[in-house]
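Colleague: Please see the structure below; I have some questions.
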Amino acid sequence: MQNLSIKEQFLGAIAFAGDLSMGQPVEHSPRVALLAVYLVDALQLKASYRVNAARVGLMRWAGCTANARDFSELLGDDIRGRSELLAGRNPFITKHPEISSLSGHMPSLANAHCEAMAQIAIRAGISSPEVGSEHQIDNLLPSISDLFENWDGSGYPTGKKGEDIDLVAQIVAVVSDLEIYTRQYGLNRALMLIESRGGKIYDASLALKVGQHASRWLEQIDDKNTLLESLRFAEVHQLGNENKSELDDIVTLFSDYAALKQPEAIRVSRLAASYAQQISSCLGLEHEKCLRIVRAAKLHRLGFVSVPNGVLAKQAISNQWMDESLRLASYWTERILSRSPILSKETAIASMAFERLDGSGHYRGLAAPSIPIEARVLQVSVLLAERFSDLRHNAKERKAAVELLGDALKVQLVDATVVDAALAVLSGESIVSVSKIELTPREKDVLQSLTLGLSNKEVARDLDISPKTVNAHLEKIYKKLGVSGRTAATMKALEYGLM
Numbered sequence: 048m049q050n051l052s053i054k055e056q057f058l059g060a061i062a063f064a065g066d067l068s069m070g071q072p073v074e075h076s077p078r079v080a081l082l083a084v085y086l087v088d089a090l091q092l093k094a095s096y097r098v099n100a101a102r103v104g105l106m107r108w109a110g111c112t113a114n115a116r117d118f119s120e121l122l123g124d125d126i127r128g129r130s131e132l133l134a135g136r137n138p139f140i141t142k143h144p145e146i147s148s149l150s151g152h153m154p155s156l157a158n159a160h161c162e163a164m165a166q167i168a169i170r171a172g173i174s175s176p177e178v179g180s181e182h183q184i185d186n187l188l189p190s191i192s193d194l195f196e197n198w199d200g201s202g203y204p205t206g207k208k209g210e211d212i213d214l215v216a217q218i219v220a221v222v223s224d225l226e227i228y229t230r231q232y233g234l235n236r237a238l239m240l241i242e243s244r245g246g247k248i249y250d251a252s253l254a255l256k257v258g259q260h261a262s263r264w265l266e267q268i269d270d271k272n273t274l275l276e277s278l279r280f281a282e283v284h285q286l287g288n289e290n291k292s293e294l295d296d297i298v299t300l301f302s303d304y305a306a307l308k309q310p311e312a313i314r315v316s317r318l319a320a321s322y323a324q325q326i327s328s329c330l331g332l333e334h335e336k337c338l339r340i341v342r343a344a345k346l347h348r349l350g351f352v353s354v355p356n357g358v359l360a361k362q363a364i365s366n367q368w369m370d371e372s373l374r375l376a377s378y379w380t381e382r383i384l385s386r387s388p389i390l391s392k393e394t395a396i397a398s399m400a401f402e403r404l405d406g407s408g409h410y411r412g413l414a415a416p417s418i419p420i421e422a423r424v425l426q427v428s429v430l431l432a433e434r435f436s437d438l439r440h441n442a443k444e445r446k447a448a449v450e451l452l453g454d455a456l457k458v459q460l461v462d463a464t465v466v467d468a469a470l471a472v473l474s475g476e477s478i479v480s481v482s483k484i485e486l487t488p489r490e491k492d493v494l495q496s497l498t499l500g501l502s503n504k505e506v507a508r509d510l511d512i513s514p515k516t517v518n519a520h521l522e523k524i525y526k527k528l529g530v531s532g533r534t535a536a537t538m539k540a541l542e543y544g545l546m
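Read in order, the letters of the sequence shown correspond to residues 48 to 546 in the working numbering.
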């Protein structure tokens with residue numbers, strides 16, 4: 048992994064995170080990408096199809112955080128529920144008698160996923176932002192938008208059918224079914240299921256081709272390092288020049304990807320990074336240490352994609368309650384980022400975000416001698432960011448923050464020197480969001496509500512304006528941000544610090 052480019056490392060890590068979020072084994076996406084390449088070759092398509100199939104196969108679940116909360120509300124458990132859905136089983140983990148079907152919800156769920164995935168692919172430099180010809184390398188947007196469309200027109204979000212559906216999207220869909228069904232039910236039943244879906248979910252000729260070659264393909268990938276092989280076919284190492292700025296962009300992209308998982312806590316990582324920057328400067332830490340802490344603050348919640356949204360919501364209500372999956376979130380942060388060794392120092396710090404000096408933290412239960420200064424700064428920064436959203440303007444919150452830090456210090460949970468620096472920062476708060484995008488105060492209010500996952504009617508009620516006025520503001524916001532939907536607007540708001 049050390050010799051991989053920044054984009055290759057990002058792609059490997061985002062594939063890992065997506066598999067976790069969808070309740071799949073962490074080699075699922077690389078296996079799908081490689082199977083997609085095999086199917087492209089069997090169809091004797093142009094080389095560009097092979098490249099794009101590998102990229103889409105690895106990134107297929109990159110939009111999964113954008114609809115996690117909605118799936119959680121519908122299914123009871125967003126991770127286990129989507130895993131069951133992919134396996135063709137009943138996805139309703141808890142019963143919701145008022146919901147008889149998912150069909151009415153799927154267009155918006157699929158659209159949110161595709162919008163987020165498209166933004167991630169563009170920001171990572173893995174896809175062109177422009178829609179070109181269907182077999183052009185770097186043009187992933189048609190494939191992304193059609194990921195959940197079905198051959199018979201029953202798919203989402205737009206109900207495309209037949210040859211109007213992007214071929215790479217169809218290829219990835221059928222081999223994904225092969226990978227999942229074989230693992231769940233064995234090869235024979237998997238091929239029966241795929242055959243039954245031919246002409247309905249995907250082109251019958253694709254199902255036939257998979258049936259002819261599946262056994263050999265599956266034997267082939269069992270003998271390979273599927274991640275390295277799929278990355279080789281994806282050819283992202285050839286994209287652009289690499290520098291420190293690109294690395295920071297990728298770190299921020301990881302942060303925004305994870306933030307979409309929990310709209311009510313969407314600003315936490317960005318806030319923690321801002322506090323970390325100021326506390327580090329106040330302590331006089333050298334530039335490289337400061338930079339690592341800020342990056343770690345942006346990365347520290349990446350492992351939360353492994354935690355069901357219901358658990359996250361319950362934890363937000365009661366800080367005394369702790370589910371085991373939440374204790375392991377930092378472990379998964381470390382595991383996801385193991386595929387990005389260029390961030391190894393930042394990863395080590397990020398994995399200590401919830402440790403405490405008395406050894407009562409998680410996931411390792413480290414005590415003071417094992418916790419470096421960088422992690423101690425991160426711990427205080429996260430503690431503040433999780434509990435307080437407006438320390439710049441809210442005197443009441445500043446007072447509560449001082450009390451929180453004092454209480455943590457009394458029981459020796461956090462570092463006294465770091466707390467002193469944090470208190471100094473709070474006394475002269477200087478967090479500023481700078482953006483090149485000019486929004487009116489009301490547009491900022493609407494955008495802020497939008498990023499919290501509120502519906503248009505809820506935004507209208509909260510701001511005491513009509514839904515028609517909300518729609519008018521949204522049209523202007525979308526135009527200024529250069530997007531067409533809510534999820535893409537949220538991603539842009541994070542990217543440009545508009546929240």
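Ideal Cβ positions, reconstructed from N, Cα and C, are used throughout, including at glycine.
Mind checking which residues open and close the alpha helix (DSSP H) that includes ARG244?
Modeller: 234-244
Colleague: Taking 6 Å as the limit between beta carbons, can you name the residues of its chain near GLU402, skipping five residues before and five after?
Modeller: GLY408, LEU413 and ILE418
Colleague: What is the DSSP secondary structure of TYR304, counted as helix, strand or coil?
Modeller: helix
Colleague: According to DSSP, ASP405 sits in a beta bridge with which residue or residues?
Modeller: ALA414
Colleague: Could you give the distance in angstroms between the alpha-carbon of GLN64 and the alpha-carbon of LEU494?
Modeller: The sequence as given places Ala at residue 64; Gln does not occur at that position. Each residue's alpha carbon lies about 27 Å from the other.
Colleague: Buried or exposed, going by whether 16 or more other CB atoms sit within 10 Å of the CB of PRO355?
Modeller: buried
Colleague: Can you tell me which of the three DSSP states LYS523 falls into?
Modeller: Helix, per DSSP.
Colleague: Between which residues of its own chain and ALA432 is the CB-CB distance below 7 Å, once the five residues before and five after are set aside?
Modeller: VAL315, LEU318, ALA319 and TYR322
Colleague: Check whether the Cβ atoms of GLY104 and ALA80 sit closer than 8 Å, and answer yes or no.
Modeller: By the CB criterion at 8 Å, GLY104 and ALA80 fall inside the cutoff.
Colleague: In whole angstroms, what is the alpha-carbon distance linking VAL98 and ALA468?
Modeller: Taken atom to atom, the span from the alpha-carbon of VAL98 to that of ALA468 is near 50 Å.
Colleague: Shortest alpha-carbon distance to TYR249 belongs to which of ASP269, VAL215 and LEU278?
Modeller: VAL215
Colleague: Helix, strand or coil for TYR203, going by three-state DSSP, please let me know.
Modeller: coil
Colleague: Going by C-alpha distance, which of ILE53, ALA60, SER52 and ALA540 is nearest ALA306?
Modeller: ALA540
Colleague: Where GLY209 and ASN197 are concerned, what is the direct C-alpha to C-alpha distance, given to the nearest angstrom?
Modeller: 8 Å
Colleague: For SER262, is the classification buried or exposed, using 16 other Cβ atoms within 10 angstroms of its Cβ as the cut-off for buried?
Modeller: exposed
Colleague: Return helix, strand or coil for TYR228, following the three-state DSSP convention.
Modeller: helix
Colleague: Can a CB atom of chain D be found closer than 8 Å to the CB of SER148?
Modeller: Note that chain D does not occur in the displayed structure, where there is just one protein chain.
Colleague: What's the C-alpha gap between ARG205 and SER190?
Modeller: Checking the sequence shown, residue 205 turns out to be Thr, not Arg. Spanning the two alpha carbons is a distance of roughly 13 Å.
Colleague: Enumerate in chain order the residues of its own chain whose CB-to-CB distance from ALA251 is below 6 Å, with the five nearest sequence positions on each side excluded.
Modeller: GLY245
Colleague: How many Å lie between HIS160 and ASP303 at the Cα?
Modeller: 14 Å
Colleague: Would you tell me roughly how many angstroms separate the C-alpha atoms of ARG230 and SER243, rounded to the nearest one?
Modeller: 18 Å
Colleague: Taking only three categories from DSSP, how would you classify TYR249?
Modeller: strand
Colleague: Would LEU51 be called buried (16 or more neighbouring beta carbons within 10 Å of its own) or exposed?
Modeller: buried
Colleague: In whole angstroms, give me the CA-to-CA distance for GLU120 and SER150.
Modeller: 15 Å
Colleague: Are the beta-carbon atoms of MET69 and MET164 separated by less than 8 Å?
Modeller: no
Colleague: What's the gap between the Cα of ALA519 and the Cα of GLU381?
Modeller: Using only the alpha carbons, I get a separation of about 43 Å.
Colleague: Can you tell me the Cβ-Cβ gap for ARG445 and LEU473, rounded? I've got them flagged as a contact below 8 Å.
Modeller: 6 Å
Colleague: Once the 5 residues before and after ARG170 are set aside, which same chain residues still bring their CB inside 6 Å of it?
Modeller: Within the same chain, ARG170 has close Cβ partners LEU300.
Colleague: Could you compute how far the alpha carbon of LEU194 sits from the alpha carbon of VAL221?
Modeller: Cα to Cα, the separation comes out at about 11 Å.
Colleague: Can you give me the Cβ contacts of SER365 inside the same chain, cut-off strictly under 6 Å, excluding the 5 residues immediately before and after it?
Modeller: Low per-residue confidence applies at SER365: pLDDT is 47, beneath 50, and the placement is therefore not dependable enough to give any value.
Colleague: So, with DSSP's three-state summary, where would you put TYR96?
Modeller: helix
Colleague: Do the CB positions of LEU550 and VAL257 come within less than 8 Å of each other?
Modeller: What the structure shows of the chain is the stretch from 48 to 546, and residue 550 is not part of that stretch, so it cannot be assessed.
Colleague: With a Cβ-Cβ cutoff of 8 Å, do TYR31 and LEU375 count as a contact?
Modeller: Any answer about residue 31 is impossible in this case: the structure gives the chain only from 48 up to 546.
Colleague: Take the Cβ of PRO144 as the centre, count every other Cβ of all protein chains shown within 10 Å, and call the residue buried at 16 or more, exposed below.
Modeller: Since pLDDT at PRO144 reaches only 46, below the 50 mark, its modelled position is unreliable, and the value read off the structure follows with that caveat. Under this definition PRO144 is an exposed residue.
Colleague: Is the beta carbon of ALA101 within less than 7 Å of some heavy atom of the ligand GTP?
Modeller: Within the structure as shown, the ligand GTP is missing, as the structure has no ligands at all.
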